[in-house]
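Scroll down for the structure; my scribbles are underneath it.
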Amino acid sequence: MDITLIQGTISGLKTAADIAKSLMELKSISDVQTKVIELQSAILSAQSSALSANADQATMVEEIRTLKEEIARVKAWDTQKQRYKLVQPWSAGVAYALKESMSNSEPPHLICTNCYEGGRKSILNPTTDSHCWVSYACPVCKSQIPTGYRGGVTPQYATD
Numbered sequence: 004m005d006i007t008l009i010q011g012t013i014s015g016l017k018t019a020a021d022i023a024k025s026l027m028e029l030k031s032i033s034d035v036q037t038k039v040i041e042l043q044s045a046i047l048s049a050q051s052s053a054l055s056a057n058a059d060q061a062t063m064v065e066e067i068r069t070l071k072e073e074i075a076r077v078k079a080w081d082t083q084k085q086r087y088k089l090v091q092p093w094s095a096g097v098a099y100a101l102k103e104s105m106s107n108s109e110p111p112h113l114i115c116t117n118c119y120e121g122g123r124k125s126i127l128n129p130t131t132d133s134h135c136w137v138s139y140a141c142p143v144c145k146s147q148i149p150t151g152y153r154g155g156v157t158p159q160y161a162t163d
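Encoded structure:
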C-alpha cells in the first residue's frame, strides 16, 4: 500500500478538523459558508485518498492470492514429478515412466517429456497407424514416440 495515500488521508482529515474548529470562531454567515466549502473540499480529498488506498490494498490482496495459488501449484508439481524417471523405452525417443516404488497402485504409464518440462502431467496414449505400427502420443501437445513395434507394446515401471 502506498504510504503517500495514507499520509494524504491523514492530512486531509487533519485539515478538515482544523477547519471545523475554526468554524466556531466565525460570526458572519458568509465566513461560515466559505469555511463549510473548505471543509467539504478537505473531506472529499481525504475520502479520495482513502478510496485509492483501499483500491491499492485490494489489488495487493489479489496478487497475494494469485502468488499463493502459484506456489501451491509448483509445490504440488514438484511432489508429482519426483514419481517419474526419464527412460528410453524404445530407440526412437524418451519419456518419463512412473517409478514402481512410487506408483501407489497406479498402473505403469509414460508421460510426455514436453509437458513434463512445462509443469504438467500428460499421459501418453498408444496409437496405431494404418500399418499397425504402434506409437505413443501426447493428447496435449500432440508429440509422438514411435515404438518400432507392431502391437503388444505396454509401458513398464521405471526402476529406482
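For the sequence shown, the numbering used here assigns the number 4 to the initial residue and increments by one for each residue that follows. Quick reminder that beta carbons are idealized off the backbone N, C-alpha and C, glycines included.
Classify GLY96 as helix, strand or coil using the three-state DSSP reduction.
-> strand
Report yes if the CB atom of THR18 is closer than 8 Å to the CB atom of ALA56, and no otherwise.
-> Result no, Cβ atoms of THR18 and ALA56 do not sit closer than 8 Å.
What residue does the alpha helix (DSSP H) around ILE32 start on, and which one ends it?
-> Secondary structure note for ILE32: its alpha helix (DSSP H) is the uninterrupted segment 32-84.
GLY15: buried (16+ other C-beta within 10 angstroms of its C-beta) or exposed?
-> buried
Start-to-end residues for the alpha helix (DSSP H) that takes in ASN107 | Per DSSP, ASN107 belongs to no alpha helix (DSSP H) and is neither H nor E.
Report, in whole angstroms, the separation of the C-beta atoms of LEU101 and PRO92, which I expect to be a contact under 8 Å.
-> About 12 Å; that fails the 8 Å criterion.
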